[in-house]
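Take a look at the structure set out below.
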Amino acid sequence: MTPRENILKAYRHERPEWVPNGFTDIDICDSFGERYFGEGTGDDWFGVSWTYTPELHSQTETPGQEQIEDLEGWQDKITFPDLNSYDWEAIASEATKNWDRENKVSLCMLLNGPFERMMSLMGFENAACAFYETPDEVHEFMEAVTEHKCKYLKILKKYYNFDIIAFHDDWGDNKNMFFSMDMWREFIKPCIQKVIDCTHELGMIFEMHSCGYIKPTIPELVEMGIDSIQPLQFCNQVDEIKKEFGDQILLSGGFDTQGVIERPGAAEEEIRSEVRRTLDSLAVNGGYCALIPIINRDVIPIVIDEVAVYGKDFYKK
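So the sequence shown is numbered by numbering that gives the first Met the number 0: it starts at 0 and just counts up by one.
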């Protein structure tokens with residue numbers, strides 16, 4: 000059995016032969032245009048400025064470069080990219096040239112969902128206030144973003160032929176969500192439902208990527224038809240989620256990264272022990288993939304090795 004066949008069994012809620020290792024079994028590609036990916040500073044296709052931070056090995060929005068302060072008259076302030084103006088065949092060919100479609104699944108990190116895109120254009124504080132100050136405009140803007148995403152999904156399917164779409168929209172910090180569940184249901188849930196449905200209509204797996212504390216949304220996300228959730232950060236009482244929903248969706252992640260794996264000074268055996276604890280908790284009976292975003296590159300080889308060693312015979316015990 001190939002790693003591809005093994006991980007797809009997990010996504011189908013069948014028990015795989017070994018614990019799927021997302022670090023080695025998935026070809027991951029960030030969505031073109033949704034973020035600037037180079038070093039230094041550059042703009043995405045909405046004109047948002049991003050700055051590379053070496054310590055994070057990633058880009059974040061450049062401070063003080065917000066394009067707008069509010070959403071009044073946003074249609075005259077924000078220009079959506081013309082998806083038909085790009086040579087997608089050439090872009091996808093370059094991005095996928097080293098993929099191993101026989102042995103791995105392909106996953107698109109589709110960045111900047113409706114709240115993230117609004118936040119990138121106007122900053123977190125202004126975006127949070129917009130829900131109260133201009134609710135009609137928030138609805139209109141998020142619906143426009145969602146329509147754009149669904150058009151983009153058709154391109155991603157046609158030219159990249161992804162197996163999995165990991166749709167990004169962060170909704171919480173380490174302890175709380177950014178907004179109430181009533182607000183989430185009113186503004187964000189309908190958008191996510193449209194993207195789920197579009198992804199499935201195109202024959203791809205839908206994985207919800209949302210960092211922070213989002214546990215209150217999970218029962219409804221399951222009802223909405225998501226196939227998987229990641230990175231399922233440890234602040235979400237992951238054991239409870241496994242017990243309640245582990246036979247309905249695939250759980251991806253669930254490691255205690257802040258408390259153990261990326262804690263300054265964490266010993267190698269502590270990291271390996273946390274990997275084993277996570278698998279013992281979340282990989283039981285399948286429906287699990289070991290994949291987490293790690294900033295400290297030095298610990299990645301340790302995590303990969305322990306997942307491979309401990310997960311190899313996990314289902315034979």
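Even for Gly, the Cβ is constructed at its ideal location relative to N, Cα and C.
Note on the stretch 87–132: whole beta strand (DSSP E) runs with a minimum of 3 residues are 104–109, in chain order. Residue pairing by DSSP puts Thr40 in a beta bridge opposite Thr50. Remark: C-beta atoms of Ile248 and Ile225 approach each other more closely than 8 Å.
By the Cβ test, the stretch 165–177 is in contact with the stretch 105–113, since at least three Cβ pairs between them sit closer than 8 Å. If you compare the alpha carbons of Leu70, Asp29, Trp44, Gln64 with that of Ser57, the shortest gap goes to Asp29. Taking a C-beta distance under 8 Å as the contact criterion, Asp26 and Trp98 qualify as a contact pair.
The beta carbon of Gln236 sits closer than 7 Å to those of Lys214, all from its chain and outside the five residues before and after it, given in chain order.
Between Glu54 and the set Gly39, Gly245, Val144, Glu68, the nearest pair of CA atoms involves Gly39. At least 8 Å separates the beta-carbon of Ser280 from that of Lys311. In this structure, the CA atom of Ser48 is about 24 Å from the CA atom of Ile293.
Under the DSSP assignment, Thr59 falls in the beta strand (DSSP E) whose first and last residues are 57–60. When the beta-carbon positions are compared, Leu106 and Phe161 come within less than 8 Å of each other.
When only Cα atoms are considered, Gln232 and Ile187 end up about 20 Å apart.
Following the DSSP letters along the chain, one finds Ile27 inside the beta strand (DSSP E) bounded by residues 25–29. Segment contact: the stretch 187–196 against the stretch 143–150, three or more CB-CB distances shorter than 8 Å; contact assigned. Secondary structure at Ser251: strand, using DSSP grouped into helix, strand and coil.
Membership of Ser84 in any alpha helix (DSSP H) is not indicated, and neither H nor E is assigned to it by DSSP. In terms of Cβ geometry, Glu206 and Ile154 do not form a close pair [threshold 8 Å]. Every unbroken stretch of the beta strand (DSSP E) spanning 3 or more residues and falling wholly within the stretch 141–207 is given here in chain order: 163–167. The alpha-carbon of Glu139 is positioned some 42 Å away from that of Arg262. Each of Thr216, Met121, Ser227 was checked against the Cα of Gly252, and the nearest Cα belongs to Ser227. For Ser272, the enclosing alpha helix (DSSP H) covers residues 267–281. Counted as a single uninterrupted DSSP element, the beta strand (DSSP E) harbouring Ile228 occupies residues 227–229. Residue environment: Gln229 is assigned as buried (16 or more neighbouring CB atoms within 10 Å of its CB, all protein chains considered). Under DSSP, Ala289 takes part in a beta bridge, and its partners are Asn20.
Residue environment for Ala89: exposed (fewer than 16 other C-beta atoms within 10 angstroms of its C-beta).
Of the residues Met182, Glu16, Leu120, Phe130, the one whose Cα lies closest to the Cα of Lys316 is Glu16. Of the residues assessed, Ala129 falls on the buried side of the cut-off, its CB having 16 or more other CB atoms within 10 angstroms. Shown here for Phe177: same chain residues with a beta carbon closer than 7 Å to its own, the five before and five after excluded, namely Ala127, Trp170, Gly171 in chain order. In this structure, DSSP gives Lys76 a state outside helix and strand, which the three-state scheme calls coil. In the structure shown, Arg296 falls within a helical segment according to DSSP collapsed to helix, strand and coil.
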